[in-house]
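Asker: Protein chains in written order, with the numbering used here: chain A, 29 to 396; chain B, -1 to 587.
Cβ coordinates follow ideal geometry from the N, Cα and C atoms, glycine included.
Shown below is the structure under consideration.
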């Protein structure tokens, strides 16, 4: 999750470039207000708690995720919440609280892996396909569109079966789950990035780079990629929440991670299925609540990021002309008489709101 | 109302007629991220029946916003204060049905871009008929007959069959005529024309302005003409309202504005307008000496690397029989954009390439730098043919030319700093070290008269003029011998354009590069170019020295082009109008 947060905020720096030295998160917060800020803060808090719980799981959890006895004393199956077991115990006799806490660990690992693999594969593929065009582009678009046609959970199941081949180690299980989610996400990144690349590659600034004799690799990574990356943070966050749901779905259906190798919320929900009719609520409610909470947190961040990064959803004023005005005012300045064109332009030209540049623009480097 | 030049009582200056439209301390404020933005501040002026009032100003002056406020066409973030009255009826508070009754019926609007103001899936006849039937109870048949009349009135040839045309089947000028027909359909008291000719070519512009004047004379409609073009103002307006940063700074008759502008902003605006006959066409001896070199820094050093010695006999750019074609639509034949164009530019000379939209002038520029492949012909840069050169030779050759694009906001990578943008050609060609590149960037920034600290800024923090300076610096960073400038100033406001042009001239004299300067504006070409080539529908119709082409045009098209340029001088413009009418008569006869 931290990786995603870093990608999100790095995409934001151009929005508040005058304060580039500040914390990236502060720039993000500053550009929000009202309900939007509330949404973002709530989401970020939930994600922070989630990450902390996942990282510190061995410290926080009272027992191991696959332990059904402590000091030789068996917990007992399906025990209601008590002082010893706050969330009760499962049908297998494990502590529900511990399984929920360790489940966060699995979820985080799968999200980070799934989103970063999808980014690493989908984004370069999209940029190259969009920039090169022609037959390569057509073939790749065809393949990814074909992948779209599959129901995503079915696709994930097929890939999960293919990868695990029945047996699973703890790390292998997480990796398999992540990969099966990746297969579903790559076409999304591919499509978004490719379509933006197609429109950006005809921009004059790309032509300008071409005219200087820049090689395609340089044009793609220096000029095109930074300009198509705005929508990636939003997509990544929204995908993260989808990843949790897909993972839970896989676990619920019995694919993905082996129950003995890691705790997994979806698997626990599956096991809790028969308990519900017997009035045993605690085995299902807590893993379910954990899923809902994390998905809500990630979605809140994703949606508010979407609002912030998409200028169409923001209210904007006619502030863009202030620099032009300053330039026009420059000609009014009485200093024209004493200093030639250089003098006339320097100080009033500068739209620096902090007024840092007002005095000696050519020597202000140290000041900034 | 801060300027002392504005009459205290607006109605006093409008003569005997009762004003049909009266703005009284109208203010418009937009809510934005950064707090309220006051786009229009207490604007007051009046429009008499049958009067053409030009509202003049540059971008951000609030000229469009104030008129849009009349018809309630502002976004939800805007709040309007003050009053705007149409024949005594308050307009600012109108909502819903009562506003709908005013729109189109009593006040009509003509927009800048005719291509997007018409519904592409309906015939033009349908659109005129709809405009009529919305406000007038008339039968379909009567409305259609009236639509034909209206289209004839606005000068659409063969109107009876043209009403079945779709907008894409009409030219830009014809679309604007249809827009005007819709605007006058219900005989409104006021037409608001928001930059009605900005998107049109000069020859078409002249005809549309003629039409607007004619309509005023025949129908007595008052026209509020919103424009930044002082030539258009001189041509059409009776009275001028000059706006600057949301305020009216001056209001006077058109003759007075041009003869004796009172406010310093008006004076500066008028001085900045390029004027045919100000530049090289004045002097019979073309050459760098004709440029008034402004005092400035001469610290432009050459690029580190082998010095390039160019024998004067080899032209900087020689284009011979250039043909460029584009694939047509499905089934359509290939479109020939450039057809057998030949010209040469001697080292250190500036060739102005003039033409209207669609003439292929931009394609010529893009082909000479290899952005568009040529079908046949040759493009020689200092004796090397670009079309047959090996990729390695081509890469080396690219070091020797620069390109300046039309839109400075689009031609700079929004994600890279100004310093990175300027040093881009240096890193592409692996010239110098980091430190030497930084020095070079500082030199170039100084050359284009920007503070060195701008290297760390991003393009969106700069104004349009500053961005174009950066763009110029990037084109010049390798010390090119040939610069191709594609409409470098047409996206800028006049006063900004003037400073950028002055800078261009100064740098050209100092650095001595050859230049292909592409523009639609003859006055700009007159200022900067030694030679002029006039292009029309893919062919060159006339090539010669600036003085020869502009003072004694040989080709009829050049003459028509010259006659169509509106001149910012009402008396001269009236005179030119008469001569243009004669010219049209003589070509018809």
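For residue 513 of chain B, which beta-bridge partners are listed by DSSP?
Answerer: As a working mapping, residue 513 of chain B is identified with position 515 in the second chain. Answer is B/348 and B/481.
Asker: Could you tell me the distance, in whole angstroms, from the CA atom of residue 216 of chain A to the CA atom of residue 261 of chain B?
Answerer: Position 188 of the first chain, counted from the start, is the residue given in the question as residue 216 of chain A. Position 263 of the second chain, counted from the start, is the residue given in the question as residue 261 of chain B. Using only the alpha carbons, I get a separation of about 58 angstroms.
Asker: Determine contact between the region 104 to 121 of chain B and the region 190 to 198 of chain B, defined as no fewer than three beta-carbon pairs at a distance below 8 angstroms.
Answerer: Touching, per the Cβ criterion.
Asker: Would you please verify whether the beta carbon of residue 502 of chain B is less than 8 angstroms from any beta carbon of chain A?
Answerer: Numbered from its first residue, the second chain carries residue 502 of chain B at position 504. So, not an interface residue.
Asker: Would you check if there are 3 or more beta carbon pairs closer than 8 angstroms linking the region 410 to 426 of chain B to the region 434 to 445 of chain B?
Answerer: The region 410 to 426 of chain B vs the region 434 to 445 of chain B: in contact.
Asker: Does residue 579 of chain B pass the burial test, meaning 16 or more other C-beta atoms within 10 Å, or should it be called exposed?
Answerer: By one-based count along the second chain, residue 579 of chain B stands at place 581. Exposed.
Asker: Distance, Cα to Cα, residue 213 of chain B vs residue 183 of chain B?
Answerer: The sequence position of residue 213 of chain B within the second chain is 215, counting from 1. The sequence position of residue 183 of chain B within the second chain is 185, counting from 1. One C-alpha to the other measures close to 12 angstroms.
Asker: Within the 8 angstroms Cβ cut-off, does residue 296 of chain B reach chain A?
Answerer: To locate residue 296 of chain B, count along the second chain from 1; it is residue 298. Because the pLDDT of residue 296 of chain B is 36, which lies under 50, any placement of that residue in the model is unreliable, and the number read from its coordinates should be weighed accordingly. Residue 296 of chain B does not count as touching chain A.
Asker: Please work out which residues of its chain come closer than 7 angstroms, Cβ to Cβ, to residue 522 of chain B, disregarding the five sequence neighbours upstream and downstream, and give them in chain order.
Answerer: Start at 1 with the first residue of the second chain, and residue 522 of chain B comes out as number 524. Hits under 7 angstroms: 272, 487 and 499.
Asker: Can you say whether residue 99 of chain A is buried or exposed, counting buried as having 16 or more other CB atoms within 10 angstroms of its CB?
Answerer: Locating residue 99 of chain A in the first chain gives position 71, counting from the first residue. Burial call: exposed.
Asker: Compare the C-alpha of residue 178 of chain B against each of B/145, B/167 and B/159 and name the closest.
Answerer: Numbered from its first residue, the second chain carries residue 178 of chain B at position 180. When only C-alpha atoms are compared, the closest one is B/145.
Asker: Please state the DSSP three-state secondary structure of residue 165 of chain A.
Answerer: Within the first chain, residue 165 of chain A is the residue found at index 137, counting from 1. Helix.
Asker: For a contact defined as C-beta to C-beta under 9 angstroms, what are the partners of residue 113 of chain A on chain B?
Answerer: On the first chain, position 85 is the one that residue 113 of chain A refers to. By Cβ distance, chain B contributes nothing, its closest Cβ being about 51 angstroms from residue 113 of chain A, past 9 angstroms.
Asker: Leaving aside the five residues before and after residue 457 of chain B along the sequence, list all residues of the same chain whose C-beta is less than 6 angstroms from its C-beta, in chain order.
Answerer: Mapped onto the second chain, residue 457 of chain B falls at position 459. Result list for residue 457 of chain B: 410, 412 and 465, in chain order.
Asker: Any beta carbon of chain B sitting closer than 8 angstroms to that of residue 352 of chain A?
Answerer: The residue you call residue 352 of chain A lines up with position 324 of the first chain. Residue confidence is low: residue 352 of chain A scores 46 on pLDDT, short of 50, so the model does not pin down where it sits. No coordinate-derived value is stated.
Asker: Provide the residue(s) that pair with residue 116 of chain A in DSSP beta bridges, ordered along the chain.
Answerer: Along the first chain, read from residue 1 onward, the residue named residue 116 of chain A stands at position 88. In the DSSP output, where bridge partners are listed per residue, residue 116 of chain A has none listed.
Asker: Identify which residue in A/103, A/208 and A/147 has its Cα closest to the Cα of residue 113 of chain A.
Answerer: Numbered from its first residue, the first chain carries residue 113 of chain A at position 85. Checking every option, the nearest Cα to that of residue 113 of chain A belongs to A/103.
Asker: Any beta-carbon of chain B closer than 8 angstroms to the one on residue 242 of chain A?
Answerer: Taking the first residue of the first chain as 1, we reach residue 242 of chain A at position 214. At least one chain B Cβ lies under 8 angstroms of residue 242 of chain A.
Asker: If we define contact as Cβ-Cβ less than 8 angstroms, is residue 412 of chain B a contact residue for chain A?
Answerer: Against the second chain, residue 412 of chain B aligns to sequence position 414. With 8 angstroms as the cut-off, residue 412 of chain B counts as an interface residue toward chain A.
Asker: As a quick exercise: from A/127, A/140 and A/203, pick the residue whose alpha carbon is nearest that of residue 314 of chain A.
Answerer: As a working mapping, residue 314 of chain A is identified with position 286 in the first chain. Of the candidates A/127, A/140 and A/203, the one whose C-alpha sits nearest the C-alpha of residue 314 of chain A is A/127.
Asker: Below 7 angstroms on C-beta distance, what does residue 233 of chain A contact in chain B?
Answerer: In the first chain, residue 233 of chain A corresponds to position 205, counting from 1. Per Cβ cutoff of 7 angstroms: 408, 409, 410 and 411.
Asker: What's the C-alpha gap between residue 214 of chain A and residue 329 of chain A?
Answerer: Here residue 214 of chain A refers to the residue found at position 186 of the first chain. Here residue 329 of chain A refers to the residue found at position 301 of the first chain. Distance between the alpha carbons of residue 214 of chain A and residue 329 of chain A: 21 angstroms.
Asker: Should residue 175 of chain B be labelled buried (16 or more other beta-carbon atoms within 10 Å of its own) or exposed?
Answerer: What you label residue 175 of chain B is simply residue 177 of the second chain in a count that begins at 1. Classification for residue 175 of chain B: buried.
Asker: Under the assumption that residue 274 of chain B contacts residue 563 of chain B (Cβ atoms under 8 angstroms), give the Cβ distance between them as a whole number of angstroms.
Answerer: Translated into the one-based positions of the second chain, residue 274 of chain B becomes position 276. Translated into the one-based positions of the second chain, residue 563 of chain B becomes position 565. Yes, they are in contact, since the Cβ atoms of residue 274 of chain B and residue 563 of chain B sit about 6 angstroms apart, within 8 angstroms.
Asker: At the level of alpha carbons, what is the spacing between residue 360 of chain A and residue 263 of chain A?
Answerer: Within the first chain, numbered from 1, the residue matching residue 360 of chain A stands at position 332. Within the first chain, numbered from 1, the residue matching residue 263 of chain A stands at position 235. Only weak support is given to the placement of residue 360 of chain A: the predicted model assigns it a pLDDT of 45, under 50, and the value that follows is read from those uncertain coordinates. Cα to Cα, residue 360 of chain A sits roughly 48 angstroms from residue 263 of chain A.
Asker: Under 8 angstroms by Cβ, that's how I've got residue 512 of chain B and residue 344 of chain B pegged, so tell me the actual separation to the nearest angstrom.
Answerer: As a position in the second chain, residue 512 of chain B is number 514, starting the count at 1. As a position in the second chain, residue 344 of chain B is number 346, starting the count at 1. With a Cβ gap of about 7 angstroms, residue 512 of chain B and residue 344 of chain B count as contacting.
Asker: List the residues of chain A whose Cβ lies closer than 8 angstroms to the Cβ of residue 427 of chain B, in chain order.
Answerer: As a first step, residue 427 of chain B must be located in the second chain, where it is residue number 429. Here the neighbours are 240 and 241.
Asker: Which whole runs of the beta strand (DSSP E) in the region 349 to 422 of chain B are 3 residues long or more, in chain order?
Answerer: Complete beta strand (DSSP E) runs here, min 3: 374 to 379 and 399 to 402.
Asker: Could you tell me whether the Cβ atoms of residue 84 of chain B and residue 100 of chain B are closer together than 8 angstroms?
Answerer: On the second chain, residue 84 of chain B is found 86 positions in, with the first residue counted as 1. On the second chain, residue 100 of chain B is found 102 positions in, with the first residue counted as 1. Cβ distance < 8 angstroms, so residue 84 of chain B and residue 100 of chain B count as in contact.
Asker: Between residue 240 of chain A and residue 178 of chain A, what straight-line distance do the alpha-carbon atoms span, to the nearest angstrom?
Answerer: In the first chain, residue 240 of chain A corresponds to position 212, counting from 1. In the first chain, residue 178 of chain A corresponds to position 150, counting from 1. Distance between the alpha carbons of residue 240 of chain A and residue 178 of chain A is about 44 angstroms.
Asker: Between residue 65 of chain A and chain B, is any beta-carbon pair separated by less than 8 angstroms?
Answerer: By 1-based counting over the first chain, the position of residue 65 of chain A is 37. Not an interface residue.
Asker: Residue 139 of chain A to residue 421 of chain B, Cα distance in whole Å?
Answerer: Counting from 1 along the first chain, the entry for residue 139 of chain A is found at position 111. Counting from 1 along the second chain, the entry for residue 421 of chain B is found at position 423. Their Cα atoms are separated by approximately 40 angstroms.
Asker: Between the alpha carbons of residue 390 of chain B and residue 479 of chain B, how many angstroms are there, rounded?
Answerer: For the purposes of this step, residue 390 of chain B is identified with residue 392 of the second chain, where counting begins at 1. For the purposes of this step, residue 479 of chain B is identified with residue 481 of the second chain, where counting begins at 1. Residue 390 of chain B and residue 479 of chain B: Cα-Cα distance of roughly 19 angstroms.
Asker: With 9 angstroms as the C-beta to C-beta threshold (strictly closer), list the residues of the region 380 to 397 of chain B near chain A in chain order.
Answerer: For the region 380 to 397 of chain B, which is checked against every Cβ of chain A, the residues closer than 9 angstroms are 392, 393, 394, 395, 396 and 397.
Asker: Under 8 angstroms, do residue 336 of chain B and residue 365 of chain B count as touching if we go by C-beta distance?
Answerer: Along the second chain, one-based indexing puts residue 336 of chain B at 338. Along the second chain, one-based indexing puts residue 365 of chain B at 367. Yes, Cβ-Cβ distance for residue 336 of chain B and residue 365 of chain B is below 8 angstroms.
Asker: Tell me where the alpha helix (DSSP H) around residue 128 of chain B begins and ends.
Answerer: Residue 128 of chain B sits at position 130 when you count from the first residue of the second chain. Element bounds for residue 128 of chain B: 122 to 133.
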